[in-house]
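Working notes, beginning with the structure itself.
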Amino acid sequence: MLRFILRALGVIFILAILGFAYLAFWPVPISPQAWDAPEDAGYTGDFLSNTKLATFETISLGDYPGPEDVVIIDGAVYAASHTGAITKIDFDAKAVAKIADTGGKPLGMEPARDGGVYVADAYKGLIHVAMDGKVTTLTDSVDGTPIAYADDLDIGADGTIYFSDASTKFGAQAVGSTMDASLLEIMEQGRTGRLLAYNPADQSTRVVAEGFSFSNGVAMEPPHSDGRESVLMTETGRYRVLRVWVSGPRAGQHDVIIDNLPGFPDNINRADNGTYWLGLISPRSKWLDDNSAKPKARAMAMRLPASMRPKAENYGHIVRITAVGEVLETRQDPDGAYPQITGAFVGGDGYLYLTSLTAPDLARVKE
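As structure tokens, then:
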């Protein structure tokens, strides 16, 4: 019996050593960088918890779930789908029709001045989708590097298209999904995201600014009095919104507009009177914040089963801010009945359209 017990203890010891070696040394896809996450104040102050998003109406999207972004053209709603489809939606008639398939993962969209829509496709780059279904790739590389995760876009006064490339290391297609790639970029904090510009006139692409922890939503600001242009851009992995200057003497530089948000910011869309709607796709992760300065702990977490790693939580939350970061309104649904809200789009018809990375429906609420 004693021999059996000693052998069992020996096996347990060896397994423990192997387990420790695996957690400590097994290769992982990230090389975590240390940073100091700001202390999360949670749902207090300007972000005091409420249930203003608990009631909404929806239209089922059938085979085309995941309406990550929408645009309205001539009164019709068009939505991106995580299936690759671009759909036309009639809320009143409860009708959904596919007009095109990008063959990728369409995310942000904006109406094109010559018809159709411009789309930031996480797999394809920046593309144009015509109303007859024709899909044209405008750019999928810059300075000899691939655009690995085109995310959101907006259009300048001169027609230049500004769009985010969320991660140059963790491409959405290479990793296998947009969500998995975003988690890797945020876990690593390597800050490989960038803001790009595409000029339709000469079909050139340039890097405007780089060094962001998952550059995400993009919204143009009106031209400033001295003619300079800037965009507001969400930096998801750092819980903040930036103003990135795209022209003038400070081109390529950025200022922090609002910091230390209680969740991960996603899309940002223009609203009324110089204000913007911001979507927070998930509350912050206490574990990530507690281990922001501990790269080894984050690397170790990547060796655990996916179910044990930090992940997005369903908590509906949209925020209306000014261009200087003043919080004007916050609408929430702590139950997250409409899951993983990416943003809110002003429809011009009295409704705010709520977009989502995963929902099987498109939702809207009264403005």
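Numbering-wise, this note's numbering puts 231 at position 172 of the sequence shown, and it's gapless, one number per residue. We put the beta carbon where it would ideally sit given N, CA and C, even for glycine.
| message | Taking the alpha helix (DSSP H) that S241 belongs to, which residues open and close that run? | response | 237-247
| Contacts around I438, its chain only, beta-carbon distance under 7 angstroms, and the 5 residues preceding and following it disregarded | The displayed coordinates of the chain run from 60 to 426. Any statement about residue 438 would go beyond what the structure contains.
| task | Can you have a look at G322 and say buried or exposed, based on whether 16 or more other CB atoms are within 10 angstroms of its CB? | result | buried
| said: Is the beta carbon of L255 closer than 8 angstroms to that of F229? | reply: no
| message | Do S272 and R253 have their beta-carbon atoms positioned less than 8 angstroms apart in this structure? | response | no
| field | Anticipated Cβ contact below 8 angstroms, P165 with G192, distance rounded | value | Incorrect: roughly 13 angstroms between the Cβ atoms, too far for contact.
| query | Using the beta-carbon count (16 or more within 10 Å), is E169 buried or exposed? | reply | Around the beta-carbon of E169, 16 or more other beta-carbon atoms lie within 10 Å, marking it buried.
| task | Measure how close the beta-carbons of L421 and A139 come, nearest whole angstrom, since I'm counting them as under 8 angstroms. | result | Contact doesn't hold; Cβ gap of about 11 angstroms is too wide.
| query | Out of curiosity, what's the CA-to-CA distance linking Y116 and V267? | reply | According to the sequence displayed, residue 116 carries Glu and not Tyr. Those two C-alpha atoms are separated by around 39 angstroms.
| query | When DSSP labels each residue in this structure, what does G338 get in the three-state scheme? | reply | strand
| said: Which residue wins for smallest C-alpha separation from L347, given the options S90, I89, A96? | reply: A96
| Is P354 helix, strand or coil when you go by DSSP? | Three-state result, P354: helix.
| request: State whether the segment 327-337 contacts the segment 272-282, with contact taken as three or more CB pairs (one from each stretch) at a distance under 8 angstroms. | output: yes
| Can you give the beta carbon distance from R357 to P91, rounded, assuming they're within the 8 angstroms contact cut? | Yes, they are in contact, since the Cβ atoms of R357 and P91 sit about 4 angstroms apart, within 8 angstroms.
| message | On the DSSP letters alone, give me the boundaries of the beta strand (DSSP E) that A207 sits inside. | response | Element bounds for A207: n/a, residue is neither H nor E.
| Nearest-angstrom Cα separation, counted from P393 out to G375 | 6 angstroms
| message | Check this for me: beta carbons of Y177 and G163, under 8 angstroms apart or not? | response | no
| When the Cα atoms are used, what is the spatial distance from G407 to T401? | Distance between G407 and T401, taken at the CA atoms: about 19 angstroms.
| task | Let me know if R172 comes out buried or exposed under the rule of 16 or more other beta-carbons within 10 Å of its beta-carbon. | result | exposed
| request: Run the CB neighbour count on D133, radius 10 Å, all protein chains shown included, and call it buried at 16 or more, exposed below. | output: exposed
| said: Less than 8 angstroms between the C-beta atoms of L112 and I340, yes or no? | reply: no
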